[in-house]
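*Asks:* Have a look at this one before I ask anything.
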Amino acid sequence: MKIALLGVGQAGGKVADAILDYEAASRADFVTDTVAINSARADLLGLERIPVDRRVLIGQSRVKGHGCGADNELGVTVAEEDLDEVRGAIDDLPVHEVDAFLVVAGLGGGTGSGAAPVIARELSRLYTEPVYGLGILPGSDEGGIYTLNAARSFQTFVREVDNLLVFDNDAWRRSGESLRGGYASINEEIARRLGVLLSAGEVSEPPFPESVVDASEIINTLAGGGVTTIGYANSQLDRPSRGLFGRREPDPNETDVVNRITTTVRRATLGNLTLPANVESTERALVVVSGPPQYLSRKGIEGSRRWLEEETGTMEVRGGDYPIPKSDYVAGLVVLSGVTDVPRIKELQQIGAETQRNLKARAEQRPEALRDLVWDGDGEIDPLF
Numbered sequence: 001m002k003i004a005l006l007g008v009g010q011a012g013g014k015v016a017d018a019i020l021d022y023e024a025a026s027r028a029d030f031v032t033d034t035v036a037i038n039s040a041r042a043d044l045l046g047l048e049r050i051p052v053d054r055r056v057l058i059g060q061s062r063v064k065g066h067g068c069g070a071d072n073e074l075g076v077t078v079a080e081e082d083l084d085e086v087r088g089a090i091d092d093l094p095v096h097e098v099d100a101f102l103v104v105a106g107l108g109g110g111t112g113s114g115a116a117p118v119i120a121r122e123l124s125r126l127y128t129e130p131v132y133g134l135g136i137l138p139g140s141d142e143g144g145i146y147t148l149n150a151a152r153s154f155q156t157f158v159r160e161v162d163n164l165l166v167f168d169n170d171a172w173r174r175s176g177e178s179l180r181g182g183y184a185s186i187n188e189e190i191a192r193r194l195g196v197l198l199s200a201g202e203v204s205e206p207p208f209p210e211s212v213v214d215a216s217e218i219i220n221t222l223a224g225g226g227v228t229t230i231g232y233a234n235s236q237l238d239r240p241s242r243g244l245f246g247r248r249e250p251d252p253n254e255t256d257v258v259n260r261i262t263t264t265v266r267r268a269t270l271g272n273l274t275l276p277a278n279v280e281s282t283e284r285a286l287v288v289v290s291g292p293p294q295y296l297s298r299k300g301i302e303g304s305r306r307w308l309e310e311e312t313g314t315m316e317v318r319g320g321d322y323p324i325p326k327s328d329y330v331a332g333l334v335v336l337s338g339v340t341d342v343p344r345i346k347e348l349q350q351i352g353a354e355t356q357r358n359l360k361a362r363a364e365q366r367p368e369a370l371r372d373l374v375w376d377g378d379g380e381i382d383p384l385f
């Protein structure tokens, strides 16, 4: 599946960079073009993979290149005011080569949280191709204002895209990990999952998949809108060394191959989702199994697909394979689309609503508190004017 990739805000730009890193390392070809959009000049300068001429600075007249400071209403404003700048970059995209647009943003900050829904809305207005979002939730320990930002952005973003893929930082940050290292590993995890999904149908030389997961399979899985979570797990192979004369590797035991695939897919579904959710609330699903061709079994993939049908209760489960001859792993990727039972989203909305009520109450109390602070009850102090 070929995508046009738009990274909005600091987190969005870094994730877009990581996706391009994965594409280069895996020698895949699924990103047709990339644009980074931000109101902070320093964040744009810190990108490594996205070309300089594909970086768009918005909001200069308001924030002077210093960012929106976690104010996502300001993020909306600068994006709407500078839509011509964004359109100029989008107009250069080779849309005739694109199957879909992917707008990536962190939902807790200012620019990405506010501007991403505006940009998604404009893309949907201009083009007939699907517009998907990738929203990254802040950690619950990052503070109430970031949770409120995420709750407001989520409600808006999910309405403006054809489907919103969600990644929850809370589910992936490891204790004792540095902030920078934690975000880098999370970005790599996002890139790996999207990379496997999008490159599975872009195989241009043998060995070819027996069951191709092309753009139409992904589009049909994401049809209907709502929220999507992606599971991934892998199993390392104990492959013998190839030897001096490149002797052929013996074929593995068929039963072991089938069991490895089904176990890996179950692990991906039940324990490694980007957004923890009740899998029984899934509307549509997709399974992709990758690895060396001799370790890919139609029986194993079909068995995994049937198991996922039973687990989710939906009959719309698609499946396919992605042969990677030199890989030392068998990997299973599971896309659960249209999930509706998501405790983290409910928690996000509850904390966001509580934070919003608290902010409004404090704003109402502030004028009176300020008067109490500056009031000279005895009238002994004369103001300057």
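Residue numbering for the sequence shown follows full-length UniProt numbering, starting at 1 and increasing by one per position.
Note that the Cβ used here is the ideal one computed from N, Cα and C, for glycine as well.
Have a look at the DSSP bridge pairing and note the partners of Pro94.
*Replies:* According to DSSP, Pro94 bridges with nothing at all.
*Asks:* Suppose contacts are defined by Cβ-Cβ distances below 8 angstroms. Is Gly112 in contact with Val31 by that definition?
*Replies:* no
*Asks:* Report, in whole angstroms, the separation of the C-beta atoms of Leu222 and Tyr132, which I expect to be a contact under 8 angstroms.
*Replies:* 7 angstroms
*Asks:* Can you round the beta-carbon distance between Thr269 and Val166 to whole angstroms, since I take them to be within the 8 angstroms contact cut?
*Replies:* Contact doesn't hold; Cβ gap of about 16 angstroms is too wide.
*Asks:* By the three-class DSSP mapping on this structure, what secondary structure does Thr115 have?
*Replies:* A small fix is needed here, since residue 115 is Ala in this sequence, not Thr. Of the three classes helix, strand and coil, the one that applies to Ala115 here is helix, per DSSP.
*Asks:* On the premise that Ile3 lies in contact with Val98, defined as a C-beta separation below 8 angstroms, what is that separation, rounded to the nearest angstrom?
*Replies:* 7 angstroms
*Asks:* Can you tell me whether Met315 is buried or exposed, with buried defined as 16 or more other CB within 10 angstroms of its CB?
*Replies:* Exposed is the call here.
*Asks:* What does the Cβ neighbour count give for Ile381, buried or exposed, with the cut at 16 atoms within 10 Å?
*Replies:* Around the beta carbon of Ile381, fewer than 16 other beta carbons lie within 10 angstroms, which makes this residue exposed.
*Asks:* Using the Cα positions of Pro252 and Tyr295, report the straight-line distance between them to the nearest angstrom.
*Replies:* If I take the Cα positions, the gap works out to 7 angstroms.
*Asks:* Residues bridged to Gln236 by DSSP?
*Replies:* Tyr329
*Asks:* Go to Thr264, then tell me how far its alpha helix (DSSP H) extends in each direction, as first and last residue.
*Replies:* 254-271
*Asks:* In the DSSP assignment, find the unbroken alpha helix (DSSP H) run with Asn278 in it and report its ends.
*Replies:* That residue, Asn278, is in no alpha helix (DSSP H); it is neither H nor E in DSSP.
*Asks:* Is it true that the CB of Thr262 sits closer than 8 angstroms to the CB of Thr282?
*Replies:* no
*Asks:* Can you name, in chain order, every residue of its own chain whose Cβ lies under 6 angstroms from the Cβ of Ala200, other than the five neighbours on each side?
*Replies:* Val213, Val288, Tyr322
*Asks:* Tell me whether Asp53 is buried or exposed, calling it buried when 16 or more other Cβ atoms sit within 10 Å of its Cβ.
*Replies:* exposed
*Asks:* Would you tell me roughly how many angstroms separate the C-alpha atoms of Val76 and Ile345, rounded to the nearest one?
*Replies:* 22 angstroms
*Asks:* Please report the straight-line C-alpha distance between Pro276 and Glu160, rounded to a whole angstrom.
*Replies:* 23 angstroms
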